[in-house]
Each structure stands twice: as structure tokens, then as C-alpha cells.
Amino acid sequence: MVELPFPALRTTSESVVPLASIAADTGDDWREAMGEDDNSLPVQVRWDPLAVALAPVAGFDLQIAIAVPLVAGPEGLPTPAEEYRLVGVGEQVRSSMERDERGRLVLVVTTAGVREYVGYSDDDAWLAGWAAEMTSVLPGAQVMSRRDPGWTTLLHSIP
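Residue numbers (my numbering): 18 to 176.
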């Protein structure tokens with residue numbers, strides 16, 4: 018899992034982005050912040066403000082994440098063509114997580130040539146099938162999970 022620079026993220030800008038720029042099909046807006054890590058490398062963080070307001074959700078204590086390598090520009094963030102591809106990846110990750118309401122995508126972090134999609138689930142058994150599905154359709158992706166009943170990854174990753 019990408020080590021998120023919790024205390025070191027220095028926010029350089031914050032905005033509202035349409036959810037369609039992260040994943041598909043609702044009109045909900047996500048928040049976005051750009052910042053830098055301790056090495057002055059750019060970090061982009063996008064999150065679902067509704068998830069932040071409701072966090073943590075009882076029973077959904079299994080944090081799941083998929084790290085997807087990306088084609089980076091000179092600063093480590095995706096090139097425009099790669100960003101276009103990653104929108105499709107985000108749609109795929111979100112729809113697969115939220116199918117049958119087994120999980121919810123809540124956070125997307127981009128840094129150092131990697132985009133990590135983070136969500137929470139209530140079902141360990143579901144995770145094995147989901148992980149197999151994601152790694153089969155996203156070559157080079159890594160799926161990770163851990164218990165995070167306080168949703169600390171989400172809450173500590175936002176400015």
C-alpha cells in the first residue's frame with residue numbers, strides 16, 4: 018500500500034471535482050486537494066465528503082485498496098492521456114466495489130507514479146473474489162486489505 022504522508026501533506030489547492038472525473042455514474046461531487054509530500058513531490062487526494070461525514074460506518078471495518086501503476090509526467094502525476102485511462106480504471110474499481118453494496122470507494126490518492134483507490138467493505142469472503150477480479154483486469158495492480166474500524170486512512174488523508 019502506498020504510504021500516505023499524513024502529517025507531511027502540505028495542501029497547495031483544494032476544489033470540488035465532479036465524481037465522473039474519478040468514477041462513474043452519480044452526480045455527487047468529491048473534494049480534491051493538491052499538495053506536496055516531505056520530498057516536495059506532488060500528491061493529489063480525492064475523497065467522498067459524504068463518506069467523511071459518516072465515517073466510520075459500523076461493520077464496514079475492512080479497508081481495501083488497489084494500487085495501480087501509472088504513466089507519469091515529469092512531476093510524478095499522470096500524463097493527460099494516462100489521466101483519461103485512469104478515469105476508466107476508477108469507474109471499474111468503483112462499480113466493482115459497490116456492486117451488491119459489498120464495499121464503497123471513499124478515497125483516491127495519486128503520488129509517485131501510483132494511483133491508489135481506497136474503500137471499505139463488510140465482507141472478508143467477498144474480498145478474495147474482488148481481488149482476483151481486479152488483478153485479472155488491471156495488470157500490475159496490487160490489492161491490499163487491513164482492518165481499519167476507525168476509517169483512519171480516509172480521515173487522516175484529507176486536509
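Beta carbons are placed, not taken as given, at the ideal position from N, Cα and C, and that holds for glycine.
A quick note: this is a predicted structure, and the numbers were derived from the prediction, not measured.
Item                                                                                                            : Value
Boundaries (first-last residue) of the beta strand (DSSP E) holding Arg63                                       : 59-64
Buried or exposed by the 16-neighbour rule on C-beta atoms within 10 Å, applied to Ser220                       : There is simply no residue 220 to check, as the chain begins at 18 and stops at 176 in what is shown.
Between the CA atoms of Trp143 and Ala50 - distance to the nearest angstrom                                     : 31 Å
Other residues of its chain near Gly130: CB distance less than 7 Å, five sequence neighbours each side excluded : Pro86, Leu87, Ala89, Gly93
Environment of Ala145 [buried if 16+ CB atoms lie within 10 Å]                                                  : exposed
Span separating the alpha-carbon of Ser112 from that of His173                                                  : 25 Å
Through-space distance from Leu122 to Ala41, alpha-carbon basis                                                 : With a pLDDT of 37 at Ala41, under the threshold of 50, the modelled position of this residue cannot be trusted, and the question is left open.
Paired residues, beta bridge with Trp147 - DSSP                                                                 : Bridge partners of Trp147: none, in fact.
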